[in-house]
Amino acid sequence: MNKGTEIARAKEVLIDGGLVAIPTETVYGLAGNAFSQVAIDLIYATKKRPKYNPLIVHIKEVAYLDQIATNIPQKAYQLAHEFWPGSLTLVLEKKANIPAIVTAGKSTVGIRVPNHPLTLKLLSDLDFPLAAPSANPFGYISPTTAEHVEKMLKGQISYVLDGGDCPAGVESTIIGFEDGEPILYRHGAIPLEEIEERIGKIKVVNKENVTPSAPGMLSQHYSPTTPFVLTGDVHLELAKYKNKKIGVIVLKLNRPIAKEHLVLELSKSANIEEAAKNLFAAMHQLDEAHLDVIIAQRMPESGVGVAINDRLERAAKK
Ligand code: TXA
Ligand code: MG
Numbered sequence: 031m032n033k034g035t036e037i038a039r040a041k042e043v044l045i046d047g048g049l050v051a052i053p054t055e056t057v058y059g060l061a062g063n064a065f066s067q068v069a070i071d072l073i074y075a076t077k078k079r080p081k082y083n084p085l086i087v088h089i090k091e092v093a094y095l096d097q098i099a100t101n102i103p104q105k106a107y108q109l110a111h112e113f114w115p116g117s118l119t120l121v122l123e124k125k126a127n128i129p130a131i132v133t134a135g136k137s138t139v140g141i142r143v144p145n146h147p148l149t150l151k152l153l154s155d156l157d158f159p160l161a162a163p164s165a166n167p168f169g170y171i172s173p174t175t176a177e178h179v180e181k182m183l184k185g186q187i188s189y190v191l192d193g194g195d196c197p198a199g200v201e202s203t204i205i206g207f208e209d210g211e212p213i214l215y216r217h218g219a220i221p222l223e224e225i226e227e228r229i230g231k232i233k234v235v236n237k238e239n240v241t242p243s244a245p246g247m248l249s250q251h252y253s254p255t256t257p258f259v260l261t262g263d264v265h266l267e268l269a270k271y272k273n274k275k276i277g278v279i280v281l282k283l284n285r286p287i288a289k290e291h292l293v294l295e296l297s298k299s300a301n302i303e304e305a306a307k308n309l310f311a312a313m314h315q316l317d318e319a320h321l322d323v324i325i326a327q328r329m330p331e332s333g334v335g336v337a338i339n340d341r342l343e344r345a346a347k348k
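Mapping of the sequence shown onto this note's numbering: residues 31 to 348, in sequence order.
Given below as structure tokens:
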């Protein structure tokens, strides 16, 4: 099938109330008609996602924002214009046309314009926006290829729109507002400092104070089935194990590691954006390798490294 036919097929399924896995620049999403109670129910059921965790609504362009959100702060418009299409989700007061189930009963809705040509074309062909969480079973590693989605949700969704590897590789940065002032809910593909350059200092939600109803912040998430350890010193950690099958994730291999271990470098040039792109694929690969443990190296805490460390911490959380 050519891409036009594939988009037409995806469109048909979505109009019917079915689910389609869609490519975005961050990760693949599990998409359904955001105005359809039936489609949204199906998303929660397929993902086995608890109903208290709201979904992001994907729209085709900035101009659509006013169709589904209201009382939009000036700084939100500014961010939308600066970063959309792109890896920024804005949490705004919802309009009544967004069903309560999309937002888990909250008065706010998460919204973004994804930056992927196939999904942008699909959105522009539809007369409704797409609610889509990441296309993985709840709590497991996010998908950055169509193959990841097929492996995890095979037979459970009507169609996977294959848009190749996701170039950013970690989920969107999420920003909400309190009294018109921005607040960061989730570190993501766009580094906080890049957003602060545009609109000034942003408050960060304190991880320790967050209840499950304040979402995006569940402490255990992105978790492989294999025991997963995060460390500042891979060699020190490796020395703790004897006769174990071990997988290792490093940014770049600076010191040799014994040949019997399965070592994955996220970027040979220690480029942190490339590392983000390769992160979830490395986690999927190692989780399939029947290992006793996966040891991941903490990344430099700057730029998108902050979001990578956030995902690694949650993966390692017991
Ligand atoms: O990059 C992304 O954001 C990907 C792609 C598919 O767009 N989507 C994604 O969705 O990561 P999901 O469902 O895996 O994560 C969305 C996060 C959840 O943690 C959810 O709690 C939070 O966004 N969220 C959604 N609506 C919210 C709201 N009204 N208030 C606070 N957090 C919200
Ligand atoms: Mg997710």
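Glycine included, each C-beta is placed from N, C-alpha and C at the ideal position.
Would T255 be called buried (16 or more neighbouring beta carbons within 10 Å of its own) or exposed? What you label residue 255 is simply residue 225 of the sequence shown in a count that begins at 1. It counts as exposed.
Name the DSSP bridge partner or partners of H88? What you label residue 88 is simply residue 58 of the sequence shown in a count that begins at 1. Partner(s): R142 and L160.
Taking 8 Å as the threshold, find out whether the region 126 to 141 comes into contact with the region 226 to 238 through three or more Cβ pairs. Cβ pair count under 8 Å is below three, so no.
According to DSSP, is I131 helix, strand or coil? Within the sequence shown, the letter at position 101 stands for residue 131. Of the three classes helix, strand and coil, the one that applies to I131 here is coil, per DSSP.
At least three beta-carbon pairs within less than 8 Å, the region 175 to 192 to the region 117 to 125: Per the Cβ contact rule, the region 175 to 192 is not in contact with the region 117 to 125 (fewer than 3 Cβ pairs under 8 Å).
With H, G and I counted as helix, E and B as strand and the rest as coil, what does DSSP make of T35? For this step, residue 35 is matched to residue 5 along the sequence shown. T35 sits in a helix when the DSSP states are folded into three classes.
Who are the near neighbours of G206 in its chain, counting only those whose CB is closer than 6 Å to its CB and skipping five residues on each side? Translated into positions along the sequence shown, residue 206 becomes position 176. Answer for G206: V121, I213 and Y215, listed in chain order.
Same chain, Cβ closer than 7 Å to T100, neighbours up to 5 away in sequence not counted: Looking up residue 100 in the sequence shown gives position 70. For T100, where only same-chain residues beyond five positions count, the Cβ hits under 7 Å are E123 and K125.
Since T54 is in the alpha helix (DSSP H), which residue starts that stretch and which ends it? Taking the sequence shown and counting its residues from 1, one reaches residue 54 at position 24. T54 -> no alpha helix (DSSP H), and no H or E assigned at all.
What residues are listed by DSSP as bridge partners for G59? In the sequence shown, the residue the question calls residue 59 occupies position 29. Note: G59 sits in a beta bridge opposite I52 and S164.
Within 10 angstroms of its Cβ, does K90 collect 16 or more other Cβ (buried), or is it exposed? For this step, residue 90 is matched to residue 60 along the sequence shown. So K90 ends up on the buried side.
Which residues DSSP lists as bridging A99, in chain order: Within the sequence shown, numbered from 1, the residue matching residue 99 stands at position 69. Looking at the DSSP output, A99 bridges to K124.
Should P115 and P144 be called a contact, given that it needs their Cβ atoms to be closer than 8 Å? Counting from one through the sequence shown, the residue named residue 115 turns up at place 85. Counting from one through the sequence shown, the residue named residue 144 turns up at place 114. Yes, they are a contact pair.
So who's on the other strand from P212, going by DSSP bridges? In the sequence shown, counting from the first residue as 1, residue 212 sits at position 182. In the DSSP output, where bridge partners are listed per residue, P212 has F207.
Got a sec: does the ligand TXA put a non-hydrogen atom nearer than 7 Å to the Cβ of N284? Indexing the sequence shown from 1 puts residue 284 at position 254. Incorrect: N284 has no Cβ contact closer than 7 Å to the ligand TXA.
Beta carbon of R217 nearer than 8 Å to that of A337: By one-based count along the sequence shown, residue 217 stands at place 187. By one-based count along the sequence shown, residue 337 stands at place 307. Going by the sequence as given, residue 217 is His instead of Arg. In contact: H217 and A337 (Cβ atoms closer than 8 Å).
Mind reading off the beta-carbon distance from V92 to H111? Whole number of angstroms is fine, and I expect it under 8 Å. Working through the sequence shown from its first residue, we reach residue 92 at position 62. Working through the sequence shown from its first residue, we reach residue 111 at position 81. At roughly 6 Å, the Cβ-Cβ gap stays under 8 Å, so V92 and H111 are in contact.
Using a 10 Å radius around the Cβ and a threshold of 16 neighbouring Cβ atoms, would you call P242 buried or exposed? Residue mapping note: residue 242 aligns to position 212 of the sequence shown, counting from 1. Note that P242 has pLDDT 46, beneath the 50 cutoff, so the model's placement of it is unreliable and the number below is only indicative. When all chains shown are included, P242 counts as exposed.
For L85, which residues in the same chain have their Cβ closer than 6 Å to its Cβ, ignoring the five residues on either side in sequence? Stepping through the sequence shown from its first residue, residue 85 is reached at position 55. Correct list, in chain order: V132, A161 and P163.
For Q104, name the three-state secondary structure that DSSP assigns. Numbered from its first residue, the sequence shown carries residue 104 at position 74. Correct three-state label for Q104: helix.
Of the residues E331, G277 and A326, which one's Cα is nearest the Cα of A319? By 1-based counting over the sequence shown, the position of residue 319 is 289. Shortest Cα-Cα distance from A319 to any of E331, G277 and A326 involves G277.
Quick check on L266: buried or exposed, where buried means 16 or more other Cβ atoms within 10 Å of its Cβ? Sequence index remark: in the sequence shown, residue 266 carries index 236 (1-based). Exposed is the call here.
Can you determine whether any heavy atom of the ligand TXA sits closer than 7 Å to the C-beta of I204, and answer yes or no? One-based indexing of the sequence shown puts residue 204 at position 174. Between the ligand TXA and the CB of I204, the shortest heavy atom gap is smaller than 7 Å.
CB of V50 within 8 Å of CB of I220, strictly: Counting from 1 along the sequence shown, the entry for residue 50 is found at position 20. Counting from 1 along the sequence shown, the entry for residue 220 is found at position 190. Not in contact: V50 and I220 (Cβ atoms no closer than 8 Å).
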